[in-house]
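Colleague: Mind having a look at this structure? Questions to follow.
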Amino acid sequence: MSEVTDNPKSSTVHSVVVAVKLLEYLAESGRPQRVTDIAAFLKMTKARVSRHLSTLSDLGLVARMPDNSGYRLGPMLFRLSNAALDQYEITNIAYRYMVMLRNKISESLLLAIPAGGDALIVSTISSGKPLSPQLVRGTRWTIPMSPTARLILAFSPENVRERVLARRTERDTDQEVDFDPVEARRVFERIRTRFYEFDADPHDAGFSTLSAPVFDHSERLEAALTIVMNRRADSAEQETRFLKPLKECALEISRALGSVDMANKLADTI
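Right, dumping it as structure tokens:
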């Protein structure tokens, strides 16, 4: 990134750009980062990065780890993200369709949007049953465990998929589930072919998950619509029973968002 020092206004704009890139780096890394690593990513000196971090920390946008091992995103971003979710257009468009689907199938629903290759929950509707899953808006789901995240990544641009796969492969897997990027690519291809993903109990919490894609006017993935239901002995019956109404709802939302080509492809699978 080139330095801009011609005038105070340009320097101010440049500082904003640096701050945004720094926050994006912390968000996509998925874990606290040291000043050295941030400086290497931004191609800046540690001293300049430290000054940016100090300002962002004062604003609550980043926070230093208690053991001084690095910096993570700060609490102010949580408040801002909740405000952004309230204003996100798709939640308003999709809500009435989600209510109709919930009333039809009596199961809990969530809507998740792409977030750096992950799935970010932006809207939830409870089934109203005594043992309904606790779906929290703002929760971020990741591959390989989450069917919703797998579906979102399957329909994401290839460069995003490969970046996430590389990042996931590089992680220390001693305390995580085994991850095979080759198998993941096969799963993504299957999802793109059948336009849905299902898992009988992805988080070992007693709930089955069924997800379908929602597209917008640019024919890109806008969100994933997901049914979360109590796991039953016959998971295949759950998949068969709820797949058609789920896809029909995803199709209605896609068409409401202006999708034509991808909506037609989705319709062909119903």
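Residues in the sequence shown are numbered consecutively from -2, following the working numbering. Glycine included, C-beta positions come from ideal geometry on N, C-alpha and C. No experiment lies behind these values; they were computed from the predicted model shown.
1) Within 10 Å of its beta-carbon, does methionine 97 have 16 or more other beta-carbons around it, so buried, or fewer, so exposed?
2) Tell me, which residues are paired with methionine 226 by DSSP?
3) Around the Cβ of glutamine 172, are there at least 16 other Cβ atoms within 10 angstroms (buried) or fewer (exposed)?
4) Which value, in whole angstroms, describes the spacing of the CA atoms of phenylalanine 192 and isoleucine 149?
5) My parser needs the alpha helix (DSSP H) runs of 4 or more residues fully inside the region 122 to 202; what are they?
6) Please look up how many angstroms separate the CB atoms of tyrosine 94 and isoleucine 250, rounded, as I've assumed it's under 8 Å.
7) Quick check: the Cα distance between phenylalanine 75 and leucine 20, rounded to an integer number of angstroms?
8) Give me the residue from Ile267, Arg134, Gly27 and Thr52 with the minimum Cα distance to serine 123.
9) Give me the residue from Thr52, Thr190, Thr88 and Trp138 with the minimum Cα distance to glycine 71.
10) With respect to the alpha helix (DSSP H) encompassing arginine 48, which residues constitute its N-terminal and C-terminal limits?
11) Looking only at its chain, what residues have a beta carbon closer than 6 Å to the beta carbon of alanine 91, apart from the 5 residues adjacent to it on each side?
12) Drop a sphere of 10 angstroms on the beta-carbon of proline 130, count the other beta-carbons inside from all chains shown, and report buried for 16 or more, exposed for fewer.
13) The beta strand (DSSP E) with leucine 108 in it runs from where to where?
14) Can the beta-carbon of leucine 240 be found less than 9 Å from the beta-carbon of leucine 207?
15) Using three-state DSSP, classify arginine 28 as helix, strand or coil.
16) Mind checking threonine 145: buried by the 16 CB within 10 Å criterion, or exposed?
17) So, arginine 217 versus glutamate 25, is the Cβ gap smaller than 9 Å?
18) To the nearest angstrom, report how far apart isoleucine 140 and valine 10 are at their CA atoms.
19) For valine 157, which option in Phe185, Glu86 and Asn79 has the closest C-alpha, if you only look at C-alpha atoms?
20) Answer with buried or exposed for methionine 41, where buried requires no fewer than 16 other C-beta atoms within 10 angstroms of its C-beta.
21) Please report the straight-line C-alpha distance between asparagine 246 and aspartate 34, rounded to a whole angstrom.
22) What three-state label does DSSP hand proline 63 in the structure shown?
23) Give a yes or no on whether the C-beta atoms belonging to arginine 228 and glycine 203 are separated by under 9 Å.
24) So the beta strand (DSSP E) arginine 69 belongs to, where does it begin and stop?
25) To the nearest angstrom, how far is it from the Cα of asparagine 65 to the Cα of arginine 99?
26) Leaving out five residues on either side along the sequence, give the residues of the same chain with a beta carbon under 6 Å from the beta carbon of valine 253.
Modeller: Quick look at the numbers:
1) exposed
2) Secondary-structure assignment with DSSP links methionine 226 through a beta bridge to Ser205.
3) Residue confidence is low: glutamine 172 scores 49 on pLDDT, short of 50, so the model does not pin down where it sits. Its coordinate-derived value is still stated next. It is exposed - the Cβ of glutamine 172 has fewer than 16 other Cβ atoms within 10 Å.
4) Their backbone Cα atoms lie some 11 Å apart in a straight line.
5) Here the runs fully enclosed are 144 to 151, 155 to 167 and 178 to 191.
6) 5 Å
7) 13 Å
8) Arg134
9) Of the listed residues, the one whose Cα sits closest to glycine 71 is Thr52.
10) 43 to 55
11) Leu108 and Ile250
12) Under this definition proline 130 is a buried residue.
13) Taken as a continuous stretch (DSSP letters only), the beta strand (DSSP E) holding leucine 108 covers 105 to 112.
14) yes
15) coil
16) Of the residues assessed, threonine 145 falls on the buried side of the cut-off, its CB having 16 or more other CB atoms within 10 angstroms.
17) no
18) So the two alpha carbons sit approximately 36 Å from each other.
19) Phe185
20) buried
21) With the sequence shown as reference, residue 246 is identified as cysteine, and asparagine is not the correct amino acid for it. When rounded, the distance between both Cα atoms is 44 Å.
22) coil
23) yes
24) Counting along the chain, the beta strand (DSSP E) containing arginine 69 begins and ends at 68 to 70.
25) 46 Å
26) Per the sequence presented here, residue 253 reads as alanine, with valine not at that position. The residues are Ile90.
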